[in-house]
Amino acid sequence: METGQGQGERQKLNKMLEELIKEEQEQNSELQRSNKNWEEEVKQLKKVVADKDKELSMAIKRQRMRTVGYVDDLNQLSSTKAELEASKEYAPLKAERGQELDEVQESHQEKLSDMEENFRTAISGEQLYCWQEISNEENFRKQLPEQERKINEELRLKEEQVRQQLSVNEESFKQKLSEELMKFKQELAEQDEAIRRQLLHKDQMLQKMLSEVCQQWEGRAQQWSERQKQMEEMLEQKEKAREEEEETYKQETQRLQQELRKLQDDSAEEKKKQHKVLEKLRKEAEDHRRELKEVVLIRSELQRSATNYDEVVNQLRKGLANKDVELITAIAKYQMKTFAYSNTVDQLQSTRAELDEASREYTALKEEHLKLLEELQESHQRQLFDMEDKFKKEIYEEHEKGLQKKSSIEKYFRKQLLEEERKFSQELRLKEEQIKLELLMNEESQEDVD
Numbered sequence: 001m002e003t004g005q006g007q008g009e010r011q012k013l014n015k016m017l018e019e020l021i022k023e024e025q026e027q028n029s030e031l032q033r034s035n036k037n038w039e040e041e042v043k044q045l046k047k048v049v050a051d052k053d054k055e056l057s058m059a060i061k062r063q064r065m066r067t068v069g070y071v072d073d074l075n076q077l078s079s080t081k082a083e084l085e086a087s088k089e090y091a092p093l094k095a096e097r098g099q100e101l102d103e104v105q106e107s108h109q110e111k112l113s114d115m116e117e118n119f120r121t122a123i124s125g126e127q128l129y130c131w132q133e134i135s136n137e138e139n140f141r142k143q144l145p146e147q148e149r150k151i152n153e154e155l156r157l158k159e160e161q162v163r164q165q166l167s168v169n170e171e172s173f174k175q176k177l178s179e180e181l182m183k184f185k186q187e188l189a190e191q192d193e194a195i196r197r198q199l200l201h202k203d204q205m206l207q208k209m210l211s212e213v214c215q216q217w218e219g220r221a222q223q224w225s226e227r228q229k230q231m232e233e234m235l236e237q238k239e240k241a242r243e244e245e246e247e248t249y250k251q252e253t254q255r256l257q258q259e260l261r262k263l264q265d266d267s268a269e270e271k272k273k274q275h276k277v278l279e280k281l282r283k284e285a286e287d288h289r290r291e292l293k294e295v296v297l298i299r300s301e302l303q304r305s306a307t308n309y310d311e312v313v314n315q316l317r318k319g320l321a322n323k324d325v326e327l328i329t330a331i332a333k334y335q336m337k338t339f340a341y342s343n344t345v346d347q348l349q350s351t352r353a354e355l356d357e358a359s360r361e362y363t364a365l366k367e368e369h370l371k372l373l374e375e376l377q378e379s380h381q382r383q384l385f386d387m388e389d390k391f392k393k394e395i396y397e398e399h400e401k402g403l404q405k406k407s408s409i410e411k412y413f414r415k416q417l418l419e420e421e422r423k424f425s426q427e428l429r430l431k432e433e434q435i436k437l438e439l440l441m442n443e444e445s446q447e448d449v450d
């Protein structure tokens, strides 16, 4: 029974440990879910950064497409200039040529002004887009520390909640463990006292029973000894009487033999007397034999009573031996119970050691978990800082590249425009000189004709 109760207490303690381990596993799962949430937030930030990179690449592609459009416009301008030159070569008259030149120049000036305005508007749009991108980048940079602060605040709150929960669980576990140990000690003490009382009561009852049985058997032994003494006295008296009768019989037989010897020579009457005497002697011998049989029967009864007495004594001895065996078994049971009690105490000590080991493992796991949380937090912060620095560098590099490209494109277009204007002005000046020379030559030829 005691070992069963000890096993029940041990099962209770094992159940408590399993419940605490389940609570720790649930807390670890919550922390893992929080870590997953943080990882998802970091992934979202990475996605935002990737989206910003895509937007920058799209802006660069748009800028390249616009530069390609500007090159196409310049090619169209050169083709129109070539057409204009061809049209100039085939103009027959000065007025038509002049008008055409004026129209072409005006259209060219209009186109140039339109292209310049379009170019300026495109540059201003690109600048606005770049400034918007820069402002978005600045807003994103401003939002990053706020989000990082929120994440750090959530981490700190969750860590505080976890630490408080761990401390509360540890205190409740220690309190429950102390209460269970106190209850177990009280139950063991009560069981020990009850077992001792039961053993003392059984010992007293057995001693009383032994004393009563001993008194009963002592009384019976005294009665049997008194009866045996009486029977022995009767046997002695009968033996003495028998011996006396035997002696008298011997004396009578001797006397009768002497008388017979004397009367052998007598007559038939004497023979009859002798016959009567012999019959008398036979009767006396038969009586003596009957008495001997009675004595033998008395001896057999005494022997039976002695055997019965021996059997009773043996039964008493067996009863005493059984009582001794019962006492020995009771002592052995008490020793077994004390041994079981010592085993339960050893088991309790071993369970205490296991609980201490479990608590040490729990504290080690808690410290390791806190270290992992700190390392994860540090790694997340490092990743965020690295991503922020990388993003800043990429944005700055892209911004610098965009500005450089814009400045180079502006310089290139300005150079081309200046070169085209210079070429166009030279061509116009040459054409005007040619037209003037042709006009002079025509006037001279007309004067010569006149």
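Residues in the sequence shown are numbered consecutively from 1, following full-length UniProt numbering. No residue lacks a Cβ here, since even glycine has one placed at the ideal position from N, Cα and C.
Just so you know, the alpha carbons of methionine 209 and arginine 227 end up roughly 26 Å apart. Listed in chain order, the non-local C-beta contacts of glutamate 432 below 7 Å within the same chain number zero, local neighbours out to five positions each way being set aside. In this structure, the CA atom of leucine 430 is about 26 Å from the CA atom of tyrosine 412. Taking C-alpha positions only, glutamine 216 is separated from glutamine 223 by approximately 11 Å. Taking the Cα positions, alanine 189 is about 42 Å away from glutamate 218. A straight line joining the alpha-carbon of glutamate 180 with that of glutamate 187 spans about 10 Å. Straight through space, the alpha carbons of glutamate 252 and arginine 261 are spaced by roughly 14 Å.
Annotation: glutamate 153 to alanine 364 spans about 26 Å, alpha carbon to alpha carbon. Straight through space, the alpha carbons of aspartate 386 and glutamate 397 are spaced by roughly 16 Å. If the five residues before and after glutamine 207 are omitted, its C-beta is found closer than 8 Å to no C-beta atom of its own chain. Between serine 425 and lysine 54, the alpha-carbon positions lie close to 45 Å from each other. Between the C-alpha atoms of glutamate 212 and alanine 194 there is a straight-line separation of about 26 Å.
Distance between glutamine 258 and serine 225, taken at the CA atoms: about 48 Å. For the pair serine 407 and glutamate 117, the Cα-to-Cα distance works out to about 17 Å.
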